[in-house]
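Undergrad: Supplied in structure tokens, the structure appears directly below.
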Amino acid sequence: MNKPFLVTEHLSYTYPNEGGEVHYALHDLSLSIEQGSFVAVLGHNGSGKSTLAKLLNGILVPTAGTVMVNGLDTRPEENIFDIRKTIGMVFQNPDNQLVSSIVEEDVAFGPENLGIEPAEIRRRVDEALKAVGMEDAKDRAPHTLSGGQKQRIAIAGVLAMQPKCIVFDESTAMLDPRGREEIMHTIHRLKNELGLTVILITHYMNEAAVADRVIVLNEGSLVLDGTPREVFSEVETLWKIGLDVPQTAELLHLLNQNDAVLKSGLIKGGVLDEDETLALLEKLLGGAK
Amino acid sequence: MSILSLKNISYLYGANTPFEHLALDNVSLTFTEGRITGLVGHTGSGKSTLAMLLNGLEKPTAGTVTLDGTDIWEKPHEMRKIRAKVGLVFQYPEYQLFEETVEKDIAFGPKNMGKSEEECRELVRRAADFTGISEEMLARSPFELSGGERRRVAIAGVLAMNTDVLVLDEPAAGLDPKGREDILGGVRAWQREKNKTVVLISHSMEDMARYADELAVLKDARLVMHAATSEVFKKPEVIESAGLCLPQITRITNRLKAYGIPEGITTPEEAVSEILKKLR
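The listed protein sequences correspond, in order, to chains A and B.
As numbered in our numbering, residues 94 to 382 make up the first sequence, in order.
As numbered in our numbering, residues 3 to 282 make up the second sequence, in order.
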């Protein structure tokens, strides 16, 4: 088992409210995330997902409790520089994250601000563009790229700062299916080849289904925490808090409401994969032939 | 009956410049009255350009746009009349709210169309009902609301204008499942009750499966298919070549043809019903 990389203990955060009423965006959240893991965070709008993302790299500091990033507490001001070097963030809208008119200059922006030597910046930019499969676009203007390509440049900009972890805050929400696929493919490469810790905040259940671990937040509290198989077998709980489940999980859950199917014992909770579901349905329908 | 149609439409951006780009190439498409037509295609396929042609925000390079049998560019100075019949909602419309209260914001459109105070109040009330906006919320500032609530206010503002045709560009982008249902379910209830014509642009084939009566598929500036949603879902090769994904449930059930399961199933509920029929 890898060592804990991100640890929150009794973490709470309240947004300032003019009426004096206290509203917890996050409430008493204790989590430990291992180095090199791929964790998906689910929850409806307003459940506290983005607040958690901002607390992880010190954009926000806890109202109560602590966040430790690779052993560093996010509260003291003097730790912030190192924390931001450790955790990069990729947001929803790629257009808000690109600052230069040439792709390679954009990727160099982060390391330049860290005061890195020019030769080292050159090496990092080339490496980062290669990691996201955009090395051929280094001389292009970002506005001529597709949404998925722009988002990959934004990821390269973060990679060039050599973080140990990247938080993706609904980074595929504005992309078409092809763009989403490009980003998910890139995320897998970063995790498998560079050993990065990945935190993926998403509304797409199919993206969460391929993570190592899924965390579900509701009204600022932790509701479910487990493997995708474990979490997506809790269909009723997820529906109750206004979330979807992958369509395979929904289909099998609905089929199991039928007595004959239930008695057959063929369908057990948490099947996710399309091929796995198909094989199961073939077995069920084959028996009826 | 056809209400709005495009005939041999082409649209060229940046003509005679190095940035010249053909966004629509000889597209002919008819929108049927009282139906929700989903407009799908990859980024850059021409969906948003087509939306802007529908209410005369852009003029086609070639071809005609016809509303109720009349070319909308016949009298360009009367375009205001066209826009009173064809409403258009851009992506992320919540950033366009500006009034002091939600009620005033929703009333802005009908007021500008010359409706009386009393008519405006009634239009606001009905639009608020469709989008689940409470009396209490009507009195609040739009800037105190959550993102999903602000989106509902923006959509209510367009419903209140009561146009014959409503074009929505990605109205549910970035929302969670409940938020999507609030917006798209509200639009459909409005459309069904008043027999309106809706053009819905989205990348989510799951949403299309649930809400669109028919689908028009664009690929590289051309229309490649226009048919009932379930018919389009029987042609995975068309959907996939247009850079889109069939809903997971359709992909799985399309592979169960040998067991007598029909192709083109769009929802888990429908799949369960077909599978149980075979088990009886």
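Here a beta-carbon is modelled for each residue, glycine too, at the ideal position from N, C-alpha and C.
In terms of residue numbering, what span does the alpha helix (DSSP H) encompassing B/Arg37 cover?
TA: Element bounds for B/Arg37: n/a, residue is neither H nor E.
Undergrad: If contact means a Cβ-Cβ distance below 7 Å, which residues of the region 266-282 of chain A contact chain B?
TA: So the close ones are Ala266, Met267, Asp269, Pro270, Arg271, Gly272.
Undergrad: Would you call the region 276-286 of chain A and the region 207-221 of chain A touching, i.e. three or more CB-CB distances under 8 Å?
TA: With a cut-off of 8 Å, the region 207-221 of chain A and the region 276-286 of chain A do not count as touching, because too few Cβ pairs lie within range.
Undergrad: With DSSP as the reference, please indicate the residues paired to B/Leu168 in a beta bridge.
TA: B/Leu168 pairs with B/Gly89, B/Val200.
Undergrad: Below 8 Å on the Cβ atoms is my contact criterion, and I expect B/Ala218 with B/Leu55 to pass it. Report the Cβ-Cβ distance as a whole number of Å.
TA: Rounded, the Cβ-Cβ distance is 13 Å, inconsistent with contact.
Undergrad: Look at the alpha carbon of B/Val29 and the alpha carbon of A/Arg322, and state the distance between them as a whole number of angstroms.
TA: Roughly 45 Å between the two C-alpha positions.
Undergrad: Between A/Ser143 and A/Asp262, which are expected to be in contact by the criterion C-beta below 8 Å, what is the C-beta distance as a whole number of angstroms?
TA: 6 Å between Cβ atoms; contact.
Undergrad: Since A/Val200 contacts A/Ala253 with CB under 8 Å, what's their CB separation in whole angstroms?
TA: With 8 Å as the limit, A/Val200 and A/Ala253 qualify as a contact, their Cβ atoms being about 5 Å apart.
Undergrad: Note down, in chain order, every chain A residue with its Cβ under 7 Å from the Cβ of B/Val274.
TA: Leu344, Leu347, Leu348, listed in chain order.
Undergrad: If you measure beta-carbon to beta-carbon, which residues of the region 238-270 of chain A are closer than 8 Å to chain B?
TA: Hits within the stretch, in order: Ser239, Gly240, Gly241, Glu263, Ala266, Met267, Leu268, Asp269, Pro270.
Undergrad: Taking all protein chains shown into account, do 16 or more other C-beta atoms lie within 10 angstroms of the C-beta of A/Ser194, making it buried, or fewer, making it exposed?
TA: Under this definition A/Ser194 is an exposed residue.
Undergrad: Taking only runs of the beta strand (DSSP E) that begin and end inside the region 103-146 of chain A, which ones reach a length of at least 3 residues, in chain order?
TA: Here the runs fully enclosed are 116-127, 131-135.
Undergrad: For a contact defined as C-beta to C-beta under 7 Å, what are the partners of B/Cys247 on chain A?
TA: Correct list: Pro270.
Undergrad: Under 8 Å: do the region 12-30 of chain B and the region 45-61 of chain B share three or more Cβ pairs, one atom per stretch?
TA: Because the criterion of three Cβ pairs below 8 Å is met, the region 12-30 of chain B and the region 45-61 of chain B touch.
Undergrad: What did DSSP end up calling A/Lys231 once you bin it into helix, strand or coil?
TA: Three-state result, A/Lys231: coil.
Undergrad: What do you get for B/Arg182, buried or exposed, if any count of 16 or more other CB atoms within 10 angstroms of its CB means buried?
TA: Answer is buried; the Cβ neighbour count reaches 16.
Undergrad: Would B/Arg152 and B/Glu242 be called neighbours here (beta carbons separated by less than 8 Å)?
TA: No, they are not a contact pair.
Undergrad: Write down the C-beta distance between B/Asp215 and B/Ile38 rounded to the nearest angstrom, noting that I regard them as a contact closer than 8 Å.
TA: Indeed, because the Cβ distance is near 5 Å, the residues count as touching under 8 Å.
Undergrad: Show which residues of chain B have a CB atom less than 7 Å away from the CB atom of A/His296.
TA: Residues of chain B passing the Cβ test: Asp178.
Undergrad: Return the chain-ordered ranges of every alpha helix (DSSP H) run that is complete within the region 283-346 of chain A and spans a minimum of 4 residues.
TA: Counting whole runs of 4 or more residues, the region 283-346 of chain A contains the alpha helix (DSSP H) stretches 298-301, 321-325, 328-333.
Undergrad: Does DSSP classify B/Ala244 as helix, strand or coil?
TA: Of the three classes helix, strand and coil, the one that applies to B/Ala244 here is coil, per DSSP.
Undergrad: Which residues in the same chain as A/Val324 place their Cβ atom closer than 7 Å to its Cβ, once the five residues preceding and following it in sequence are excluded?
TA: Only Val307, Val309, Leu317 meet the Cβ criterion.
Undergrad: Start and end of the alpha helix (DSSP H) containing B/Met210?
TA: Looking at the DSSP string, the run of the alpha helix (DSSP H) that includes B/Met210 is 207-213.
Undergrad: Applying a beta-carbon distance threshold of less than 8 Å, which residues of chain A neighbour B/Leu281?
TA: Those are Asn351, Ala353, Val354, Leu377, Leu378, Ala381, listed as they occur along chain A.
Undergrad: Would B/His228 and A/Pro270 be called neighbours here (beta carbons separated by less than 8 Å)?
TA: Cβ atoms of B/His228 and A/Pro270: not closer than 8 Å.
Undergrad: What do you reckon, are the CB atoms on A/Arg245 and A/Val225 nearer than 8 Å?
TA: Closer than 8 Å, so yes.
Undergrad: Measuring only the C-alpha atoms, how far is B/Asn57 from A/Asp337?
TA: Computed Cα separation, rounded: 35 Å.
Undergrad: In the region 12-33 of chain B, which residues sit with their C-beta less than 7 Å from some C-beta in chain A, listed in chain order?
TA: For the region 12-33 of chain B, which is checked against every Cβ of chain A, not one residue is closer than 7 Å.
Undergrad: Name the chain B residues that come within less than 8 Å of A/Ala137, Cβ to Cβ?
TA: Per the sequence shown, residue 137 of chain A should be read as His rather than Ala. The answer, in chain order, is Asp178, Pro179, Lys180, Gly181.
Undergrad: With the cut-off set at 8 Å, would you say A/Leu104 and A/Val162 are in Cβ contact?
TA: Not closer than 8 Å, so no.
Undergrad: Helix or strand or just coil, what does DSSP make of B/His23?
TA: Looking at B/His23 - three-state DSSP - the assignment turns out to be strand.
Undergrad: Measuring alpha carbon to alpha carbon, tell me which of B/Gly187, B/Val167, B/Lys180 ends up nearest B/Asn197.
TA: For B/Asn197, the nearest C-alpha among the options comes from B/Val167.
Undergrad: Would B/Ala273 pass as a contact of A/Leu373 if the rule is Cβ separation under 8 Å?
TA: Result no, Cβ atoms of B/Ala273 and A/Leu373 do not sit closer than 8 Å.
Undergrad: Using 10 angstroms around the beta-carbon of A/Arg273, count the other beta-carbons present and answer buried if the total reaches 16, otherwise exposed.
TA: So A/Arg273 counts as buried.
Undergrad: Once you ignore the five residues that flank B/Phe145 on each side, which residues in its own chain have a CB closer than 6 Å to its CB?
TA: Same-chain partners within the cutoff: there are none.
Undergrad: Let me know the beta strand (DSSP E) ranges lying completely inside the region 348-375 of chain A, each 3 residues or longer, listed in chain order.
TA: Within the region 348-375 of chain A, no complete beta strand (DSSP E) run reaches 3 residues.
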